[in-house]
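Reading the sequence shown from the start, the letters are residues 5 to 110 in the working numbering.
We treat Cβ as the ideally placed atom computed from N, Cα and C, and that holds for glycine.
As the structure is a prediction and not an experimental result, all values here were calculated from the model.
Report on the following structure.
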Amino acid sequence: MDWNDFGIDERRCSSVVYGTPQDWFGSHGWRVFGTESGSEWDTLSHTLLSMVMSDNPEQAPSVAWFKTRKGRGYLKYDNASHGAPHAFEQRPVLGHQARICQQVWR
């Protein structure tokens, strides 16, 4: 689940809806995994693998949330684009992150 605390409006979702994914799902017995660095391949992979590979003897449902930057790829970063940073740093998609994924899935 992409959770960056913004929808299509300029105000934060948390100004209308209480809590976080941990509150919403954890309070109902779900296993909740997440990362504040949802645009980083290594943390995203680690979060998903932790959810899928960890012991779950009670067979509880699981959810993973990722905080990402809204508007990424549109090159518009201002307050109207929901607090995204003004500086744009483009990182290569392939590289050590792809190698980590290949190693994990072998």
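_Among 52, 36, 23 and 53, nearest to residue 64 - alpha-carbon criterion_ = Within the sequence shown, the letter at position 60 stands for residue 64. Checked all of 52, 36, 23 and 53; the closest Cα to residue 64 is 36.
key: residue 97 (DSSP reduced to helix, strand or coil)   = Looking up residue 97 in the sequence shown gives position 93. In this prediction, residue 97 scores a pLDDT of 45, lower than 50, which makes its location untrustworthy; the coordinate-derived value is nonetheless stated afterwards. Coil, per DSSP.
**Study point:** Residues of its chain near residue 54, where Cβ-Cβ distance is below 8 angstroms and the 5 sequence neighbours each way are ignored
**Key:** As a working mapping, residue 54 is identified with position 50 in the sequence shown. Around residue 54: 37.
Output the distance between the C-alpha atoms of residue 23 and residue 73, rounded to the nearest integer angstrom.
As a first step, residue 23 must be located in the sequence shown, where it is residue number 19. As a first step, residue 73 must be located in the sequence shown, where it is residue number 69. Cα-Cα distance, rounded: 19 angstroms.
task: Evaluate residue 60 with the Cβ neighbour count: other Cβ atoms within 10 Å of its Cβ, from every protein chain shown; 16 or more gives buried, anything less gives exposed.
output: Walking along the sequence shown from the start, residue 60 turns up at place 56. By the neighbour-count rule (16 or more Cβ atoms within 10 Å), residue 60 is not buried but exposed.
Within the continuous beta strand (DSSP E) that includes residue 54, where are the two ends? Position 50 of the sequence shown holds residue 54. Per DSSP, residue 54 belongs to no beta strand (DSSP E); it is in the alpha helix (DSSP H), 45-57.
Task: For residue 9 and residue 16, believed in contact at Cβ under 8 angstroms, the rounded distance - done: As a position in the sequence shown, residue 16 is number 12, starting the count at 1. As a position in the sequence shown, residue 9 is number 5, starting the count at 1. Yes, residue 16 and residue 9 are in contact; Cβ-Cβ is about 5 angstroms, under 8 angstroms.
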